[in-house]
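K.L.:
My questions all concern the structure below.
Protein chains: 2
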Amino acid sequence: MTPAAGPSRSHTATLTDVARLAGVSVATASKALNGRSQVRAETRQRVVEAAERLSFRPNQLARGLLAGRTGTVGLLTSDLEGRFGIPILMGAEDAFGAGEVAVFLCDARGDSIREQHHVRALLGRRVDGLIVVGSRTDPRPSLGRELPVPVVYAYAPSDDPADLSIVPDNVDAGRIAVQHLLTCGRTRIAHITGDPGYLAARDRADGARAALADAGLALVDEPRFGAWSEGWGRAATALLLDRHPDVDAVLCGSDQIARGVMDVLRERGQRVPEDVAVMGFDNWQVLTSGSRPLLTSVDMNLEQVGRAAAQALFGAIAGGAPRSGVETLPCRVVIRGSTAPLS
Amino acid sequence: MTPAAGPSRSHTATLTDVARLAGVSVATASKALNGRSQVRAETRQRVVEAAERLSFRPNQLARGLLAGRTGTVGLLTSDLEGRFGIPILMGAEDAFGAGEVAVFLCDARGDSIREQHHVRALLGRRVDGLIVVGSRTDPRPSLGRELPVPVVYAYAPSDDPADLSIVPDNVDAGRIAVQHLLTCGRTRIAHITGDPGYLAARDRADGARAALADAGLALVDEPRFGAWSEGWGRAATALLLDRHPDVDAVLCGSDQIARGVMDVLRERGQRVPEDVAVMGFDNWQVLTSGSRPLLTSVDMNLEQVGRAAAQALFGAIAGGAPRSGVETLPCRVVIRGSTAPLS
DNA sequence: CTGTTAGCGCCTTCAT
DNA sequence: ATGAAGGCGCTAACAG
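Chains as they are written, first to last, in our numbering: chain V, 1488 to 1830; chain P, 1488 to 1830.
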């Protein structure tokens, strides 16, 4: 362990130390180090050297106390475990990291009591703002309008339209997914998806249906809602093939479902993509790159969502025009071997 | 967005405000709120009510400035994207969250320049300590002995034995995995694993061999090192069955590999687990729970690793006896359908 | 029991 | 160009 632990840790250098070593007052030292102009070049030089020698790092606490801004934000996730929080977090961390902002991470584990606790703690630390990351796209309770700092909701929108939320456009995602299949010449398209209690599942199905309708087509059968699992993908595919052996594409609500679908198609002697094209959702690398053939999937651009949330928060902190409502960001199709033109 | 943004945010209540409203001095207000004893009950009551009414939250910055401790730690990860950082992070966040410690999250993205930058930034914010989370179990460069705060390395140990590192015991993991297979009555055990450049791969293979040697047995063939992918699992299994059709168990270096192995076994008409038992590594839910049958896997207890690192750091901050060296934590076998006694 | 004073480390007027 | 003084919000000494 570094260093020799103990309550009496060697004193970290302070501006006073630097000033003394450089033979100037703290005020002058401060100006010198902060690039203020009213300092003789030679003096500045001396101060900088002294700071260097003591490896002086200005105490951000003191600075924040004075400035009223701390240069910190809170990132409140509801489940780190889940699939979607991480990329958003990465995007936000990335956007902030570049701008000298430090991120407090708090995981509420889906517990609103714990969430409330974290909010209090973060406010006590005088964060300049908050990003709330949800685990599903269904609206979630607002943190309220009475908070002393701006808040941006990511992935899960706030149920209060006065708040600003950044979410992926799942309706459009369903639409572009189907458009890709249509481009491949597929016309008998089925949709196997997850838990209908999820707005994401319903949105994607709506988008898919709309795109088909635009082309004068319809889904083969109704969308099959079930669970977000490989097992459901397998079960639903068996049912599907029994009723509609002529299907030439399956749009799946998740990559896990898609994996299950592909397994059963293969077992039933259907070639992918020659006979049946398969598309997943989420573009989860571990699933898309392990399948045979590689799985085409829709990517929700979650890092982008995180980055956008960070930028919006940044703007709000700086005092920009306050935005509100739910803003959507487009998704994108990542084409791999499981979809190809009908030959 | 909440609230109406702008530079002139409504003043957050300060202790002075509370004191004024309660009609006492700030010192008395402070004592009252902090439970010091030298305060008349009735006065305390008045102060508490005033604080309540103003929703007063003590400014942790000011407190930290005074106390010399901030109640914050830095969590430095090298790749959030990877599989292993998250559970460790969750464990650490959990352990700290309970103790009123807030966590700064920084992702270096595998870049040591960025890492250095983050360390500086965190020290400027006067974190009380640092946890460095790596993405592989191979030793990594130490942050150095000159840091003004204690550091604990998690998953990837520091290359300086003076530092404290907490890592999963991969050698023992290989051992207990084989022991489980032996318990199932398997004796012709093969090992298909990932990139031999990873210490984790070599450690597990060593442990597996040792356990077999203890039983007077040996691996069927040498361990097959390759990549951490399903594709490699498939390719290696094909080779394996050609040379050793009598194999009755395959220990895999990762769950991804195991999925590939199971697919090819099935295609070649081998039943799992009746003919061949299969075990994975990492206990990655999305993979273990989607396979047919469900996949037995070794869990590295990464949350535990994170929690242990947090506790060690906590101890060091409190000034406990400094620990050093690499401490290992045991892994555990999670038994599912892919392994069963030979019938 | 309560209030006054001092100071944590820093930055910003305001004199000099 | 430099320094002295005040204050950000809070707590720990000491007085009263």
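Just so you know, even glycine gets a beta-carbon here, dropped at the ideal spot from N, CA and C.
1. Let's test the definition: count the other Cβ atoms within 10 Å of the Cβ of S1599 (chain V) and tell me whether it reaches 16, buried, or not, exposed.
2. Please return the same chain residues whose Cβ sits closer than 8 Å to the Cβ of H1731 (chain P), not counting the five positions on each side in sequence.
3. Please state the DSSP three-state secondary structure of I1822 (chain P).
4. Considering only C-alpha positions, which residue in the set V:M1749, V:S1776, V:L1704 is nearest to D1762 (chain V)?
5. Given that a residue counts as buried once 16 or more other Cβ atoms are within 10 Å of its Cβ, and exposed if not, what is R1533 (chain V)?
6. How long is the line joining the alpha carbons of F1571 (chain P) and L1789 (chain P), rounded to whole angstroms?
7. Going by C-alpha distance, which of V:P1760, V:R1612, V:L1553 is nearest G1551 (chain P)?
8. Contact between the stretch 1732-1748 of chain V and the stretch 1661-1673 of chain V: three or more CB pairs below 8 Å?
9. How is P1490 (chain V) classed by DSSP in three states: helix, strand or coil?
10. Hey, out of P:A1808, P:V1821, P:T1499, whose CA is closest to V1636 (chain V)'s CA?
11. Can you tell me whether S1495 (chain P) is helix, strand or coil according to DSSP?
12. Mind checking the stretch 1586-1604 of chain V against chain P and listing, in chain order, the residues whose C-beta falls within less than 9 Å of any C-beta there?
13. Determine whether the beta carbon atoms of T1826 (chain V) and H1667 (chain V) lie at a separation below 8 Å.
14. Compare the Cα-Cα distances from P1710 (chain V) to each of V:A1702, V:G1681, V:D1701, V:I1804 and report the closest residue.
15. To the nearest angstrom, how far is it from the Cα of A1649 (chain P) to the Cα of P1626 (chain P)?
16. Which residues in chain P have a C-beta closer than 8 Å to the C-beta of G1777 (chain V)? List them in chain order.
17. Mapping the DSSP letters down to three states, classify P1574 (chain V) as helix, strand or coil.
18. Taking the C-alpha atoms as reference points, what is the distance between A1585 (chain V) and A1799 (chain V)?
19. Can you name the residues of chain V whose CB is closer than 8 Å to the CB of G1856 (chain P)?
20. For the pair the stretch 1764-1784 of chain P and the stretch 1618-1625 of chain P, tell me if three or more CB-CB distances fall below 8 Å.
21. Would you mind reading off the limits of the alpha helix (DSSP H) that contains S1517 (chain P)?
22. Name the chain V residues whose beta carbon is nearer than 8 Å to that of P1626 (chain P)?
23. Are the C-beta atoms of I1573 (chain P) and some chain V residue less than 8 Å apart?
24. Are G1569 (chain V) and F1591 (chain V) touching if we call contact CB-CB under 8 Å?
25. Going by DSSP, what residue range makes up the beta strand (DSSP E) through L1651 (chain V)?
26. Can you tell me whether G1793 (chain P) is buried or exposed? The criterion is at least 16 other CB atoms within 10 Å of its CB, across all chains shown.
27. Please check if any C-beta of chain V sits within less than 8 Å of the C-beta of D1786 (chain P).
28. Got a sec? Which residues, its chain only, sit under 6 Å from T1489 (chain P) by beta carbon, not counting five neighbours each side?
29. Can you name the residues of chain P whose CB is closer than 8 Å to the CB of M1577 (chain V)?
30. Which two residues bound the contiguous beta strand (DSSP E) that contains D1594 (chain P)?
31. Does the beta-carbon of A1797 (chain V) have 16 or more other beta-carbons within 10 angstroms, so that it is buried, or is it exposed?
32. On the three-state DSSP scale, how would you describe D1647 (chain P)?
33. Between which two residues does the alpha helix (DSSP H) containing F1768 (chain V) stretch?
34. Run the CB neighbour count on N1546 (chain V), radius 10 Å, all protein chains shown included, and call it buried at 16 or more, exposed below.
35. Verify the CB distance criterion: does L1610 (chain V) have a CB-CB separation below 8 Å to chain P?
P.N.:
Based on what the coordinates show:
1. As a first step, residue 1599 (chain V) is located in the first sequence; it is residue number 112 there, counting from the start. Label assigned to S1599 (chain V): exposed.
2. Numbered from its first residue, the second sequence carries residue 1731 (chain P) at position 244. Within the same chain, H1731 (chain P) has close Cβ partners R1675, A1677, V1707, D1708.
3. Locating residue 1822 (chain P) in the second sequence gives position 335, counting from the first residue. Three-state DSSP puts I1822 (chain P) in coil, outside helix and strand.
4. Translated into positions along the first sequence, residue 1762 (chain V) becomes position 275. Its Cα nearest to that of D1762 (chain V), the residue V:M1749 stands out among V:M1749, V:S1776, V:L1704.
5. Numbered from its first residue, the first sequence carries residue 1533 (chain V) at position 46. With 16 or more Cβ atoms within 10 Å of its Cβ, R1533 (chain V) is classed as buried.
6. By one-based count along the second sequence, residue 1571 (chain P) stands at place 84. By one-based count along the second sequence, residue 1789 (chain P) stands at place 302. Rounded to the nearest angstrom, the two C-alpha atoms are 7 Å apart.
7. In the second sequence, counting from the first residue as 1, residue 1551 (chain P) sits at position 64. Checked all of V:P1760, V:R1612, V:L1553; the closest Cα to G1551 (chain P) is V:R1612.
8. Enough Cβ pairs lie closer than 8 Å, so yes.
9. Taking the first residue of the first sequence as position 1, residue 1490 (chain V) is located at position 3. In this prediction, P1490 (chain V) has a pLDDT of 41, which is less than 50 and means its spatial position is unreliable; what the coordinates show is noted afterwards. Under the three-state reduction of DSSP, P1490 (chain V) is assigned to coil, being neither helix nor strand.
10. Counting from 1 along the first sequence, the entry for residue 1636 (chain V) is found at position 149. Each of P:A1808, P:V1821, P:T1499 was checked against the Cα of V1636 (chain V), and the nearest Cα belongs to P:T1499.
11. Working through the second sequence from its first residue, we reach residue 1495 (chain P) at position 8. With a pLDDT of only 33 at S1495 (chain P), under the threshold of 50, the placement of this residue in the model should not be trusted; the figure read from the coordinates follows. S1495 (chain P) carries a coil assignment under DSSP once its states are collapsed to helix, strand and coil.
12. Here the close residues are E1587, A1589, V1590, F1591, L1592, C1593, D1594, R1596, R1601, H1604.
13. Numbered from its first residue, the first sequence carries residue 1826 (chain V) at position 339. Numbered from its first residue, the first sequence carries residue 1667 (chain V) at position 180. Less than 8 Å separates the beta-carbon of T1826 (chain V) from that of H1667 (chain V).
14. Position 223 of the first sequence, counted from the first residue, corresponds to residue 1710 (chain V). Relative to the Cα of P1710 (chain V), the nearest Cα in the group V:A1702, V:G1681, V:D1701, V:I1804 belongs to V:G1681.
15. Within the second sequence, residue 1649 (chain P) is the residue found at index 162, counting from 1. Within the second sequence, residue 1626 (chain P) is the residue found at index 139, counting from 1. A1649 (chain P) and P1626 (chain P): Cα-Cα distance of roughly 13 Å.
16. Counted from its first residue, the first sequence places residue 1777 (chain V) at position 290. Chain P residues near G1777 (chain V): S1716, E1717, G1718, Q1743, R1746, G1747.
17. Within the first sequence, the letter at position 87 stands for residue 1574 (chain V). Residue state, collapsed to three classes: helix.
18. Start at 1 with the first residue of the first sequence, and residue 1585 (chain V) comes out as number 98. Start at 1 with the first residue of the first sequence, and residue 1799 (chain V) comes out as number 312. In a straight line, the C-alpha of A1585 (chain V) is about 15 Å away from that of A1799 (chain V).
19. The question about residue 1856 (chain P) has no answer, for chain P in this structure spans 1488 to 1830.
20. These segments do not touch.
21. One-based indexing of the second sequence puts residue 1517 (chain P) at position 30. Run containing S1517 (chain P): 1513-1520, per the alpha helix (DSSP H) assignment.
22. Reading the second sequence from its first residue, position 139 is the one you call residue 1626 (chain P). Simply none; closest approach about 16 Å.
23. Indexing the second sequence from 1 puts residue 1573 (chain P) at position 86. A Cβ of chain V is located within less than 8 Å of the beta carbon of I1573 (chain P).
24. The count along the first sequence starts at 1 and reaches residue 1569 (chain V) at position 82. The count along the first sequence starts at 1 and reaches residue 1591 (chain V) at position 104. With respect to F1591 (chain V), G1569 (chain V) sits apart: the two C-beta atoms are not nearer than 8 Å.
25. What you label residue 1651 (chain V) is simply residue 164 of the first sequence in a count that begins at 1. Boundaries of the beta strand (DSSP E) harbouring L1651 (chain V): 1651-1655, taken from the DSSP string.
26. Position 306 of the second sequence, counting from 1, holds the residue named residue 1793 (chain P). Around the C-beta of G1793 (chain P), 16 or more other C-beta atoms lie within 10 Å, and the residue is accordingly described as buried.
27. As a first step, residue 1786 (chain P) must be located in the second sequence, where it is residue number 299. False, the Cβ-Cβ gap to chain V never drops below 8 Å.
28. On the second sequence, position 2 is the one that residue 1489 (chain P) refers to. Here the model assigns T1489 (chain P) a pLDDT of 39, short of 50, so the residue's position is not dependable, and the following value carries that caveat. Exclusion of the five residues before and after T1489 (chain P) leaves no residue of its chain whose Cβ lies closer than 6 Å to its Cβ.
29. As a first step, residue 1577 (chain V) must be located in the first sequence, where it is residue number 90. Listed along chain P are L1567, E1568, D1594, each with a C-beta nearer than 8 Å to that of M1577 (chain V).
30. Taking the second sequence and counting its residues from 1, the one referred to as residue 1594 (chain P) is at position 107. For D1594 (chain P), the uninterrupted beta strand (DSSP E) segment begins and ends at 1589-1594.
31. Counting from one through the first sequence, the residue named residue 1797 (chain V) turns up at place 310. Under the 10 Å beta carbon count, A1797 (chain V) is surrounded by 16 or more other beta carbons and is classified as buried.
32. By one-based count along the second sequence, residue 1647 (chain P) stands at place 160. Coil, per DSSP.
33. Walking along the first sequence from the start, residue 1768 (chain V) turns up at place 281. Segment 1764-1768 is the beta strand (DSSP E) holding F1768 (chain V); no alpha helix (DSSP H) there.
34. Residue mapping note: residue 1546 (chain V) aligns to position 59 of the first sequence, counting from 1. Under this definition N1546 (chain V) is a buried residue.
35. On the first sequence, position 123 is the one that residue 1610 (chain V) refers to. Output row for L1610 (chain V): interface = yes.
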